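What follows is a set of notes on a single structure, which appears directly below.
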Amino acid sequence: MNIFDMILWPFKWAVSAVLWVFHTLFTAVGMDPASGLTWVLAIICLTLVMRTITIPLFVTQIKAMRGMSAMQGDMAKLQAKYKGKKDQLSRQQMAQEQMDLYKKHGTNPLASCMPILAQMPIFFGLFQVLNSVPEAASKHEGILVLSADLVQQFNQATIFGANLFATMLNPGNGDQVSTIVQAVVMILIMSGTQFFIQKQLSVKNMSEAALNSPMFRQQQMIMYLFPIIFAVSGINFPLGVLYYWTVSNIWSLGQQWWVIRNNPTPGSQAEKELNARRAAKGLPPVGKTREQHEQELAEARERAAAGQRQQPMSKKRQKQQRSKGKSN
């Protein structure tokens, strides 16, 4: 067992245990234990369990992204301050001030990647469990929590005629057309949802300062790069993994939409839309009490009225007014 397998062992054990629990549960309620649908539902439930566990990390990611967005104005000033200064002392001072900015805004670049990093061991654990099923079935062996009989059922299970361990490039002995169609549909859904996930983060939930920053350009690059990565790598994934990843992306998109809709970044397009919805219901903007909002509206009306009373007069009109006063 190499170091990579040793690291993944607990995740593979957890994956096999969760699959066993849900497969046993679905079998207990009358579903066919050898049916591919039973195993696909177990994989989907595994996905939901994993995503539920990582909700706190997702909230951390959203907060980190919001902090990164909020600090872009200060970051631009810092970069302007040290522009052209390439000596060692200036670099150290800039790095220190940059760290101070991260602390001030309560964020760091790594936090925005935490949910993806946290999912990777589970994903690789699932990938290895599924990949080892055909070999284990041929030897009539079990895989951790999954018994040898369950592994045999899993290996023979099909969904719409396609084997769960078939890939788009290697359809296997099942219905090859069904395998390719299912793989293509899920790869398209995976890539599309990933695009909209990044679009929500990089366009709708960024402040105006962040939209003009290098951070926005990086997010734009990721927005187009990630779907391509999913599309290219997806052709090598077994159908069972594609079901997992597709459901995971759909969950991410819905979860992110809800969070951004109800708790957007200050100054972002999402916040403007939220305040518009609140105004339609007679509620004050986010972060303000009704009294504060009414006071601001009253002050704005007073300024507008004062401006109307003291509108500037052109020289021609002033001359006409003086001439009219003399004639009276």
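If you're matching positions, the sequence shown starts at 746 in my numbering and goes up one per residue. Virtual Cβ for every residue (Gly too), placed ideally from N, Cα, C. Note that the structure is predicted; figures quoted are calculated from it, not measured.
Are the CB atoms of VAL785 and ILE934 within a distance shorter than 8 Å?
Here the question's residue 934 lines up with position 189 in the sequence shown. Here the question's residue 785 lines up with position 40 in the sequence shown. The answer is no: Cβ separation not under 8 Å.
Check whether the segment 914-931 touches the segment 985-992, counting contact only when three or more Cβ pairs, one atom from each stretch, lie closer than 8 Å.
Using a Cβ-Cβ distance cut-off of 8 Å, the segment 914-931 and the segment 985-992 are in contact, since at least three pairs of beta carbons, one from each stretch, lie closer than that value.
Supposed close pair LEU753, GLY870 - CB separation, criterion 8 Å
In the sequence shown, the residue the question calls residue 753 occupies position 8. In the sequence shown, the residue the question calls residue 870 occupies position 125. Contact between LEU753 and GLY870 holds, since their C-beta atoms are separated by about 5 Å, short of 8 Å.
If you reduce the DSSP assignment to three classes, tell me which class SER892 lands in.
For the purposes of this step, residue 892 is taken as residue 147 along the sequence shown, with counting starting at 1. Correct three-state label for SER892: coil.
Is the CB of HIS768 under 8 Å away from at least one CB in chain D?
Protein chains in the displayed structure number just one, and chain D is not present.
Residue(s) in a DSSP beta bridge with ALA907:
Residue 907 sits at position 162 when you count from the first residue of the sequence shown. DSSP output for ALA907 lists ILE904 as bridge partner(s).
To the nearest angstrom, report how far apart ILE807 and LEU984 are at their CA atoms.
Taking the sequence shown and counting its residues from 1, the one referred to as residue 807 is at position 62. Taking the sequence shown and counting its residues from 1, the one referred to as residue 984 is at position 239. Rounded to the nearest angstrom, the two C-alpha atoms are 30 Å apart.
Please report the Cβ distance between ASP920 and GLY906, rounded to the nearest whole angstrom; I am assuming they are in contact, meaning their Cβ atoms lie under 8 Å.
Taking the sequence shown and counting its residues from 1, the one referred to as residue 920 is at position 175. Taking the sequence shown and counting its residues from 1, the one referred to as residue 906 is at position 161. ASP920 to GLY906, Cβ: 3 Å. Contact.
I need the DSSP call for LEU914, collapsed to helix, strand or coil.
What you label residue 914 is simply residue 169 of the sequence shown in a count that begins at 1. The DSSP-derived three-state label of LEU914 is coil.
Does the beta-carbon of GLY851 have 16 or more other beta-carbons within 10 angstroms, so that it is buried, or is it exposed?
Along the sequence shown, one-based indexing puts residue 851 at 106. Classification of GLY851: exposed, given that the 10 Å Cβ count is below 16.
Considering only residues of the same chain and omitting the five flanking positions on each side of LEU782, which have a CB-CB separation below 8 Å?
Here residue 782 is taken as the residue at index 37 of the sequence shown, counted from 1. Excluding its 5 nearest sequence neighbours in each direction, LEU782 has C-beta neighbours in its own chain below 8 Å: MET776, ILE904, listed in chain order.
Would the segment 748-765 and the segment 788-799 be scored as touching if the rule is three or more Cβ pairs under 8 Å?
At 8 Å Cβ cutoff, the stretches touch.
In its own chain, which residues sit with a C-beta less than 7 Å from the C-beta of GLU842, not counting the 5 before and 5 after it?
What you label residue 842 is simply residue 97 of the sequence shown in a count that begins at 1. The beta carbon of GLU842 is closer than 7 Å to those of LEU823 in its chain, skipping five residues each way along the sequence.
Pick helix, strand or coil for TYR988, following the three-state DSSP scheme.
Position 243 of the sequence shown, counting from 1, holds the residue named residue 988. When DSSP states are grouped into helix, strand and coil, TYR988 belongs to the helix group.
Once the 5 residues before and after PRO1085 are set aside, which same chain residues still bring their CB inside 7 Å of it?
This structure leaves residue 1085 out entirely; the chain is present only between 746 and 1073.
Looking at ASN1020 and VAL1004, is the spacing between their C-beta atoms short of 8 Å?
Within the sequence shown, residue 1004 is the residue found at index 259, counting from 1. Within the sequence shown, residue 1020 is the residue found at index 275, counting from 1. Taking 8 Å as the Cβ cut-off, VAL1004 and ASN1020 do not qualify as a contacting pair.
Of the residues GLN837, ASN1008, ALA821, the one placed nearest VAL804, counting alpha carbons only:
Locating residue 804 in the sequence shown gives position 59, where the first residue counts as 1. Ranking GLN837, ASN1008, ALA821 by Cα distance to VAL804 puts ASN1008 first.
CB of PHE756 within 8 Å of CB of ILE888, strictly:
Along the sequence shown, one-based indexing puts residue 756 at 11. Along the sequence shown, one-based indexing puts residue 888 at 143. Cβ atoms of PHE756 and ILE888: not closer than 8 Å.
Please name the residue in LEU914, ALA825, ASP845 whose C-alpha comes closest to that of MET813.
Start at 1 with the first residue of the sequence shown, and residue 813 comes out as number 68. Closest in C-alpha terms to MET813, from the list LEU914, ALA825, ASP845, comes ASP845.
Check whether the segment 874-883 touches the segment 908-915, counting contact only when three or more Cβ pairs, one atom from each stretch, lie closer than 8 Å.
Judged by Cβ distances under 8 Å, the segment 874-883 makes contact with the segment 908-915, as three or more pairs qualify.
My output table needs one value for ASP777: the three-state DSSP class, helix, strand or coil.
Working through the sequence shown from its first residue, we reach residue 777 at position 32. The answer is coil: DSSP assigns ASP777 none of H, G, I, E or B.
Going by alpha carbons, who is nearest to ALA825 out of MET839, ASP832, ARG1035?
Indexing the sequence shown from 1 puts residue 825 at position 80. The residue with the shortest Cα to Cα distance from ALA825 is MET839.
Might you give, ordered along the chain, the residues of its own chain that have their beta carbon closer than 7 Å to the beta carbon of LEU914, omitting 5 neighbours on each side?
If you number the sequence shown from 1, residue 914 lands on position 169. Cβ within range, chain order: ILE980, ASN981.
Out of curiosity, what's the CA-to-CA distance linking TRP1002 and LYS884?
Residue numbering aside, residue 1002 sits at position 257 when the sequence shown is read from its first letter. Residue numbering aside, residue 884 sits at position 139 when the sequence shown is read from its first letter. For TRP1002 and LYS884, the distance between alpha carbons rounds to 46 Å.
Is GLN864 near MET795, with beta carbons less than 8 Å apart?
Sequence index remark: in the sequence shown, residue 864 carries index 119 (1-based). Sequence index remark: in the sequence shown, residue 795 carries index 50 (1-based). Less than 8 Å divides the Cβ of GLN864 from the Cβ of MET795.
According to DSSP, is ASP750 part of a helix, a strand, or is it coil?
Numbered from its first residue, the sequence shown carries residue 750 at position 5. Note: ASP750 maps to helix in three-state DSSP.
Restricting to Cα atoms, I'd like to know which of THR1010, GLN1037, SER892 is closest to ALA809.
Walking along the sequence shown from the start, residue 809 turns up at place 64. For the residues THR1010, GLN1037, SER892, the minimum Cα distance to ALA809 belongs to THR1010.
From this set, GLN833, LYS849, TYR827, LEU1028, which residue's C-alpha is nearest MET816's C-alpha?
Against the sequence shown, residue 816 aligns to sequence position 71. Nearest option by C-alpha distance: LYS849.
Using the C-alpha atoms, what's the distance from ALA1050 back to THR811?
Taking the first residue of the sequence shown as position 1, residue 811 is located at position 66. Taking the first residue of the sequence shown as position 1, residue 1050 is located at position 305. Strictly speaking, residue 811 in this sequence is Arg, with Thr absent from that position. Straight-line Cα distance between these residues: approximately 37 Å.
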